[in-house]
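The next block holds one structure in the form of structure tokens; read it before the comments.
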Amino acid sequence: MGEGRRRDLTPRFTSASRSQMAPPRANPSRYPLLVLSLLLLLLIPAAAAVAVDSSLSTFSYSRHCPGFPAAADVPAADGPSPPTLQLSTGYFSGGGARIFGPEPSHTRSFSLLPTSVVRTANASLLHVSATLAVSGGRRLFRDGLGGRKLLKYDGRAHYFRPRLPRFSGRRGSITFGMEGYYSTASGELCMVGTGSGRAADGTPVHFLPVVLRLGFPNPANLTRPFVTGRLESVNTITPIEPVSLVAYAEEGYVYAESASCPPPPVGRLDALHVFEGRNFSCAHLSSMLKTPFRLNYQSGNESTASSLGLHQRYMYVNRLQCKDDGAVRAYVSFTNQTAASRYYFMLGEKAVVADGFWDQQRSRLCLKGCHVVNSGQSRADLAVGECGIGMNFWFPAVWSLQQRSFAAGLIWNTSLKSGEAIAAGSSALTPNYRGNLSGLKYNYTKVDEAMKHYEKSGLNKNRKGKFPDSSSYRDLVFRFYVQKGGGSGYASPVTVGSMLFDGNSLVVPDPFSHHVTTEMKQRLINVSYDIYYVGNWSLESFRRRHISAEGVYDTKTGSLCMIACRELNVSSDCEILVTAQFSSLDAKVAQHVKGTIRSLRKKSDPLFFGTLEIASYGMYVDQVDESIWRMDLESTMALISMTLACIFIAVQLFHVNKVPEALSAMSITMLVVLALGYMIPLVLNFEALFKNSNKQTFPLTGGGWLEVNEVMVRIITMITFLLQLRLLQLAWSARSVDVSKAESWAAEKKVLWICLPLYIIGGVITWVVHMRFNHSRRMLRQVVHMKPVGHAFWEDLVSYGGLILDGFLLPQVILNAFSDSKVRALSPGFYIGSTIIRALPHVYDVFRRQHFVPSLRPSYMYASPHDDLFSLAWDIVIPCGAILLSVVLFFQQRCGGAFFLCSKNRKTREYEMVSTVSS
């Protein structure tokens, strides 16, 4: 194939492999026969190689890329570097649903990453080796609710938090190893190769031969910005459908003349100087434009929207590339989808390619653009149509109630003389990027109106306690639930006084300013909020919405009163009152915010909606820190407790070695109960003991110390369980070997006849109580609209098992009573220590109730309600009962097992031995 070096992808047998197949040297008398055999052995591999080559002859570079004959590589020389030909992300269409999943899908993507680009003897050809990765999309759940998956709790529809569209199924992905040649004269690339991977239906794909043809614009410019091509299968056995490829050219772009940048309209003259004090940064500009823009089709710009063919709600600056001198080009997509990902090459319902420059003096981006049209049957067949689109982007320096876009823009038709433009603002559907906002100011416009409602509603009445203020600003963030009608949301401050809240800290314009110092000490502070919610409101659907609010916050009463605006189709409703009352910082309550969202309009107004009562169940930041400290403490206590239990069993094992008769005097029922008490946690956490994938995680913690303690507790529990089994085996063997211990077995049976019915009756009572209060639990979950924590009957049964463990000495006490034994079956270290271990969690639970804020979803590492019964009554009864059994056992082992029975029929165990002498 030409004079140059050829990299044939056809497998061939090498001389080394053939030499390895040669037979050993034979007897000279049989030399002619051996020579003939050797020739046959050498011809068989050669014939096989020819057969393989003929079967794959269709898969050769010369056959599929005849226009670019191969040429020999030449050493690198001085001069301009060859193009990299890299395509980091692109879109593809076709290939079949079996391999790449359903189409269309905005997550379909491909990438071409060259591993080597070498010059050849042909000056117009480059020898290219590359990796081509093609990934399909997953199927999107559709349920008529704006693309979100509807969750149903207790037969009612609720959302815990706003959700993005969900995807199901596998993601078909195939990686190809490609090799071929690129023509610098025509911009054509032709490569062949094979690939493997996994199809969307789950089946593996191996040795899939393909040919790739791509056309690179040479040079790329505003009217020719796309790299297009096709990927075709050359395998007639398992072919794939042809794949059309399109990507935004990444190199060799020639910018057009400077785009016009007319002065912005009145009211839009304020712009942040985001690059002030440093050079232009393309990465920084791209990050500031990454959020979706919401298009504002107000009355007066209908002609502009019609002439541009725009009716979509959102705009994405999907691809943005720049030069160091401030030249900028972008691929802009228009769509009605709020979940479109900026990480993929987006087609959208409408698209525009644009280039221009960054105006450093006025701190804005000026672009001129052209329509993107479909030039073929495939979605990936894109071309550039008519131009004449003007676009401006800037970053407002002043925010207000109705203007909080981090990035703003205008789109207009340059051929129209009306000057009308479509306004665009960074969408409030996602948290805005708030970096480098030192020059941003906020203009309060509704504070006076909010003050009137604040005084009228009685929120200014004094309340006891200390409430969040400007020094504890993070406590002003809260999640809330609509108590009637369903729904949930998230409220976060935008500004606190003149300071901007960026999600983690306050951005202070001048920390040493007298105005800021005075402002932080005031009782009433101006605040503004962003509120995101999902709920079944009047005139609303189950879709994530946003309202902006501003008003006053009273640091002495924890009262918040604000006027809010919500976005409608082409206008906004600013007749909304939001009120909230924060609980005291030192209050030990789970509900820390209670408030309302109500319409100020008349009931006859079509925009009126019923009052929404909201509540937030959570903890303040300091309380979260205390909760983290509590979990650390509890994990350590659980580790110490299990370690002591292990030591006490070891003490009992030493005791039975010193007192052999203690083995047959121990209650088998008691030992079985204790063994089950250690075994059940191991069974429930068996997977977590050996596999770290499903371990529990705790919010806002480092997790390292907790995880170490958790693993150590499980390991020690396993050791304790094995020691307990050893103790049970010794006691059982001692009774089985000694036939004279039949009386002990009879007493053990009586223990079973008493304890087993007691345990069963307790289980029945547990079931009745579970059924009685299960309805109340469901009603509580409906009130707070949270996903219910799994609470089945078996969990209540496990808690009841903890009560049985608390009374583990009961079988031993009953056994001693029936056998009237004085044998010290249990060592004081074992039964007193074990009793203390069972009583301490209830003592700690009393302490925890007094010093820690309860949570709806607590994470208990020690004294967990899932392990035992905990309440004020149980915390008194259980320790007292355990201590009582321990005291009774103490006297039984000294005064006899039936010392507390005053029956005249008690048998004496003492006999006087009289010797008889025969005469």
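Sequence positions in the sequence shown follow mature numbering (1 follows the signal peptide of the UniProt record, and there is no 0) and run -49 to -1, 1 to 870.
Don't be surprised by glycine CBs; every beta carbon is placed ideally from N, CA and C.
Bear in mind the structure is a predicted one, so any value in this text is a computation, not a measurement.
For a quick check, are the C-beta atoms of residue i and residue j less than 9 Å apart?
i: Ala616; j: Ser770; result: yes
i: Val69; j: Pro34; result: no
i: Ile619; j: Trp704; result: no
i: Pro170; j: Tyr199; result: no
i: Leu83; j: Gly18; result: no
i: Thr786; j: Ala824; result: no
i: Glu518; j: Ile548; result: no
i: Leu748; j: Arg789; result: no
i: Ala210; j: Asp276; result: no
i: Val398; j: Gly546; result: no
i: Thr71; j: Asp24; result: yes
i: Arg775; j: Ala596; result: no
Measuring only the C-alpha atoms, how far is residue i from residue j?
i: Asn413; j: Ile565; result: 22 Å
i: His404; j: Glu337; result: 54 Å
i: Leu707; j: Leu635; result: 24 Å
i: Ser510; j: Tyr395; result: 19 Å
i: Gly166; j: Val349; result: 47 Å
i: Met570; j: Cys831; result: 34 Å
i: Val839; j: Lys701; result: 19 Å
i: Pro155; j: Ser44; result: 21 Å
i: Ser232; j: Ala278; result: 11 Å
i: Glu746; j: Pro632; result: 12 Å
i: Arg496; j: Arg245; result: 13 Å
i: Leu38; j: Asn269; result: 15 Å
i: Val575; j: Asp426; result: 11 Å
i: Val283; j: Tyr206; result: 17 Å
i: Ala256; j: Lys417; result: 54 Å
i: Ala302; j: Ile373; result: 16 Å
i: Ile579; j: Val797; result: 19 Å
i: Asp524; j: Asp481; result: 15 Å
i: Asn172; j: Leu261; result: 24 Å
i: Trp583; j: Asp537; result: The residue asked about is misnamed: residue 583 is Asp in this sequence, not Trp. Going by the C-alpha atoms only, they are around 21 Å apart.
i: Ile125; j: Gly46; result: 11 Å
i: Lys507; j: Ile514; result: 20 Å
i: Gly758; j: Leu627; result: 14 Å
i: Ile340; j: Gly320; result: 5 Å
Does DSSP put residue i in a helix, in a strand, or in coil?
i: Thr174; result: coil
i: Tyr751; result: helix
i: Asp524; result: strand
i: Arg280; result: strand
i: Val392; result: For the record, residue 392 in the displayed sequence is Lys; it is not Val. DSSP places Lys392 in strand when its eight states are reduced to three.
i: His235; result: helix
i: Ser550; result: strand
i: Asp573; result: helix
i: Arg181; result: strand
i: Tyr295; result: coil
i: Leu651; result: A caution first: Leu651 carries a pLDDT of 40, below 50, which makes its placement in the model unreliable, though a value can still be read off. Of the three classes helix, strand and coil, the one that applies to Leu651 here is coil, per DSSP.
i: residue 875; result: Nothing can be reported for residue 875: it is not among the residues displayed for the chain, which extend from -49 to 870.
i: Val445; result: strand
i: Leu410; result: coil
i: Pro779; result: helix
i: Thr154; result: coil
i: Leu506; result: A small fix is needed here, since residue 506 is Thr in this sequence, not Leu. Correct three-state label for Thr506: coil.
i: Asn660; result: helix
i: Cys273; result: strand
Within its chain, find whatever has a CB closer than 8 Å to the CB of residue i; leave out the 5 residues flanking it on each side and keep chain order.
i: Arg799; result: Arg581, Ala814
i: Ile600; result: Thr671, Leu674, Gln675, Leu678, Phe781
Rounded C-beta distance between residue i and residue j? I'm assuming under 8 Å.
i: Thr179; j: Val197; result: 5 Å
i: Leu451; j: Leu223; result: About 12 Å; that fails the 8 Å criterion.
i: Val478; j: Thr446; result: 7 Å
i: Gly360; j: Phe344; result: 4 Å
i: Asn767; j: Gln843; result: 4 Å
i: Val194; j: His15; result: Incorrect: roughly 15 Å between the Cβ atoms, too far for contact.
Suppose the cutoff is 6 Å on Cβ atoms and the five residues either side in sequence are ignored; what does the same chain contact list for residue i look like?
i: Met471; result: Ser421
i: Leu590; result: Asn660, Met663, Val664
So does residue i have its beta carbon nearer than 8 Å to some heavy atom of the ligand ATP?
i: Val540; result: With respect to small molecules bound, the structure shown includes none, and the ligand ATP cannot be examined in it.
Note down, in chain order, each residue of its chain lying with its Cβ closer than 7 Å to the Cβ of residue i, except the 5 sequence neighbours on either side.
i: Leu761; result: Cys706, Leu836
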